[in-house]
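Below: one structure, written as structure tokens.
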């Protein structure tokens, strides 16, 4: 179930690449699915102590990406949306 789920997530990521907010969030989702996959496989194979640190790193990378988006891009994107809404309503 890992490959179909990750494939759909990557497809959605690719389709949303032109909208920055969607791209960042979908990239984080792809990373979280990957991290969950690493975590599950290592537990299944019984090698969890050695490789769980990689899953944690992938999880944290997704969280950091969202922090970067909200710290640097969210306000700009929100202002663009508001300006566009003002233009459309006039």
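Numbering (the numbering used here), first residue to last: 28 to 117.
The beta carbon of each residue, even a glycine, is placed where N, CA and C say it ideally should be.
Straight-line Cα distance separating residue j from residue i
{"i": "residue 102", "j": "residue 93", "result": "13 Å"}
{"i": "residue 54", "j": "residue 80", "result": "20 Å"}
{"i": "residue 39", "j": "residue 76", "result": "32 Å"}
{"i": "residue 85", "j": "residue 108", "result": "31 Å"}
{"i": "residue 64", "j": "residue 29", "result": "6 Å"}
Expected contact under 8 Å - CB spacing of residue i and residue j to nearest Å
{"i": "residue 32", "j": "residue 58", "result": "At roughly 13 Å, the Cβ-Cβ gap does not stay under 8 Å, so residue 32 and residue 58 are not in contact."}
{"i": "residue 100", "j": "residue 44", "result": "With a Cβ gap of about 14 Å, residue 100 and residue 44 do not count as contacting."}
Where residue i falls: helix, strand or coil (DSSP)
{"i": "residue 44", "result": "coil"}
{"i": "residue 28", "result": "coil"}
Enclosing alpha helix (DSSP H) for residue i [first to last residue]
{"i": "residue 199", "result": "The requested residue 199 is not part of the displayed model; the chain covers only 28 to 117."}
{"i": "residue 78", "result": "75-95"}
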